[in-house]
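Presented below is the structure to which this report refers.
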Amino acid sequence: MMLLPFQSILHFDSLNPSRSDPVPEFPYSFRRRRTRSPALTKAAFKRNVDYKNDKEKKPNICTADELHYVHVDKSEWKVALWRYLPSPQAPTRNHPLMLLSGVGTNAIAYDLSPESSFARFMCGQGYDTWILELRGAGLSTQGMDFGQYKDPLDSISQRKEFYEAERSSPVRSFDMQNSISTALKDMQKQLDLISKYDWDFDNYLEEDVPAAMEYIKDKSEPKDGKLLAIGHSMGGILLYAMLSRCGYEGKDSGLAAVTTLASSLDYMSSRSSLKLLLPLADPAQVLNVPVIPIGTLLAAAHPFAANPPYLLSWLSPQISAPDMLQPKLFEKLVTENFETVPAKLLLQLATAFEEGGLRDRSGTFFYKNHLSKSNVPVLAIAGDQDLICPPDAVYETVKLIREPLVTYKVFGGPGGPHFAHYDIVGAQRAVDLVYPCIIEFLNHHDAA
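According to UniProt numbering, the sequence shown holds residues 1 to 448 in order.
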């Protein structure tokens, strides 16, 4: 097993404009700059849309160069793909790069600010970079014409308004329970609109991700038909599960190399804080709701974590280590990055805390048992102060991969800086330390 040393600092010029409040209506796709795209067949065009629209119709929340939509077979969903075109000044790369986010999150963490944009850094290094927003996340849409449907609980503007009201309230210290309760009641009132939030981890694995991969390959045209992929948290779990399933079935995964950030298939023996936060004994009974409005709940809780008397002071370290994210960026991450998810998704992910680790929906296929059959190179990265997926959890999966194929790196140490769950993606120090490490790995396997 290789231990990758820290690399020299790389710098990049950001092309990312500042964000503004989202526009609730949006077109099928939008391109900010003219670029050549391969022709789609008529059948594919009916399912996947990426043609140009007027600039003023673009949703302001999307800061990518292009916005694409891909139909997911066996569902009414069209997942969103944020595309960041490679810099013309950078070397030409052989493979496009796909980025996968964590559970209940959208694309924003990968493009948090011009100074800490994971996606802009990668396209600045020459990679055709795509962020996938899975069903139910961000700008993905379901079953209706684009612009007509948006989960009211996940409206970022509504969550920001709720947060501002809580932050400015003089009695907020005494209203925490009422705020959480109100958020849950509002969620119950909207169940008629979100009754189709009925999917699990395997739907992502078997439907959303393959549809996105085929679309990216069609647009980017890699000569060997493969992609590079990076996954944070559940995004990395999806990549591990894909390698395991393909290894078990003797299939080509379509991945040239994989980087996982704070991800594991087995948390049982680790010190993960999720053991305390997830109702693992019997989640269905404890939650008693079909969906969990993560974004709404975090927006409600954040004022009590960030302001005196700090009733929820334990929340902030779950996301970022002290002094790693500027307060405004931390607030933006909490109020704009998280979404509503089905309870059944969390139920399946909860099996990662049981004997044998994460399993499929049937409960018979254990993903960790077949990871050793994969022949895809993996860079696994952990943060030294990651409470959600600590280094021992990351290593629990790393040790299953054949040694010549895996590179394992823990960022942070006794003298600092320290990295928590989101710091390895969006903190300024990640730009100097983590990103160059990933680029060296990607460049090596892109040229292989």
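For each residue, glycine too, the CB sits at the ideal point set by N, CA and C. The structure presented is a predicted model; accordingly, all values stated were derived computationally and were not measured.
Within the region 335 to 377, ranges of the beta strand (DSSP E) (whole runs, at least 3 residues):
Within the region 335 to 377, the complete beta strand (DSSP E) runs of at least 3 residues fall at 340 to 342.
Which residues in the same chain as residue 257 place their Cβ atom closer than 6 Å to its Cβ, once the five residues preceding and following it in sequence are excluded?
If you ignore the 5 residues before and after residue 257, its C-beta comes within less than 6 Å of the C-beta of 228, 377, 445, all in its own chain and listed in chain order.
Using DSSP with H/G/I as helix, E/B as strand and the rest coil, what is residue 318?
Three-state result, residue 318: helix.
Contact with chain D by residue 69, beta-carbon distance below 7 Å:
Of the protein chains in this structure there is only one, and it is not chain D.
Candidates 364, 114, 392: which alpha carbon is nearest residue 263's?
Ranked by Cα distance from residue 263, the first of 364, 114, 392 is 392.
Would you tell me roughly how many angstroms separate the C-alpha atoms of residue 83 and residue 428, rounded to the nearest one?
Near 22 Å, if we compare the C-alpha coordinates of residue 428 and residue 83.
For residue 29, does the count of other Cβ atoms within 10 angstroms reach 16, so buried, or fall short, so exposed?
Reliability of the predicted coordinates at residue 29 is poor, the pLDDT of 37 falling under 50, and no value is obtained from them.
So, is residue 93 buried or exposed, given that buried needs 16 or more other C-beta atoms within 10 angstroms?
By the 10 Å Cβ count, residue 93 comes out buried.
Quick one: residues in its chain with C-beta nearer than 6 Å to the C-beta of residue 140, no 5 flanking neighbours on either side, listed in chain order?
79, 80, 133.
Which residues does DSSP pair with residue 78 in a beta bridge?
Per DSSP, 71, 141.
Of the residues 61, 67, 273, 102, which one's Cα is nearest the Cα of residue 425?
Comparing Cα positions, the closest option is 102.
Determine the direct distance from the alpha carbon of residue 90 to that of residue 242, and round the result to whole angstroms.
Here the alpha carbons of residue 90 and residue 242 stand approximately 30 Å from one another.
For the beta strand (DSSP E) holding residue 419, just list the boundary residues, first then last.
No beta strand (DSSP E) holds residue 419; DSSP gives it neither H nor E.
Cα separation between residue 61 and residue 325?
Their backbone Cα atoms lie some 20 Å apart in a straight line.
Check whether the region 102 to 120 and the region 330 to 342 touch, using three or more Cβ-Cβ pairs below 8 Å as the test.
Cβ pair count under 8 Å is three or more, so yes.
Own chain, CB closer than 6 Å to residue 128, minus 5 neighbours either side, in chain order:
Apart from the 5 residues on each side of it in sequence, residue 128 sits with its Cβ closer than 6 Å to the Cβ of 86, 96, 220 in its chain, given in chain order.
Under 7 Å between the Cβ atoms of residue 260 and residue 350?
Between residue 260 and residue 350, the C-beta spacing is not below 7 Å.
Since residue 430 sits in a beta bridge, which residues does DSSP pair it with?
Under DSSP, residue 430 shares a beta bridge with no residue.
List the endpoints of the continuous beta strand (DSSP E) containing residue 237.
For residue 237, there is no enclosing beta strand (DSSP E); the enclosing alpha helix (DSSP H) has its first and last residue at 234 to 249.
Within a Cβ cutoff of 7 Å, which residues of the same chain sit near residue 383, ignoring the five residues on either side of it in sequence?
Result list for residue 383: 262, 411, 412, 419, 420, 421, 423, 424, in chain order.
Do residue 238 and residue 204 come within 7 Å of each other at the CB atom, strictly closer than that value?
Yes, they are a contact pair.
Pull up the distance between the alpha-carbon of residue 441 and that of residue 447, whole angstroms please.
Take the alpha-carbon of residue 441 and the one of residue 447: they are about 10 Å apart.
Alpha-carbon spacing of residue 369 relative to residue 212, whole angstroms:
So the two alpha carbons sit approximately 26 Å from each other.
Residue 98 versus residue 333: straight-line alpha-carbon distance, rounded:
Rounded to whole angstroms, residue 98 and residue 333 show a C-alpha spacing of 21 Å.
Would you identify the three-state DSSP class for residue 268, choosing helix, strand or coil?
Shown here, residue 268 sits in coil according to DSSP, grouped into three states, outside any helix or strand.
Restricting to Cα atoms, I'd like to know which of 407, 399, 417 is closest to residue 438.
For residue 438, the nearest C-alpha among the options comes from 407.
Expected contact under 8 Å - CB spacing of residue 142 and residue 74 to nearest Å:
At roughly 13 Å, the Cβ-Cβ gap does not stay under 8 Å, so residue 142 and residue 74 are not in contact.
Start-to-end residues for the alpha helix (DSSP H) that takes in residue 131:
Taken as a continuous stretch (DSSP letters only), residue 131 belongs to no alpha helix (DSSP H), being part of the beta strand (DSSP E) at 129 to 133.
Where does residue 402 fall in DSSP's three states?
It is coil, neither helix nor strand.
What are the residues that DSSP puts in a beta bridge with residue 259?
Per DSSP, the beta bridge partners of residue 259 are 230, 379.
Rounded to a whole number of angstroms, what is the C-alpha to C-alpha distance between residue 443 and residue 352?
The C-alpha of residue 352 is placed about 32 Å away from the C-alpha of residue 443.
Beta-bridge pairing of residue 213 - partner residues as DSSP gives them
According to DSSP, residue 213 bridges with nothing at all.
Tell me which residue opens and which closes the alpha helix (DSSP H) that residue 122 is part of.
First-last of the alpha helix (DSSP H) with residue 122: 118 to 124.
Short check: CB of residue 405 to CB of residue 371, under 7 Å?
The answer is no: Cβ separation not under 7 Å.
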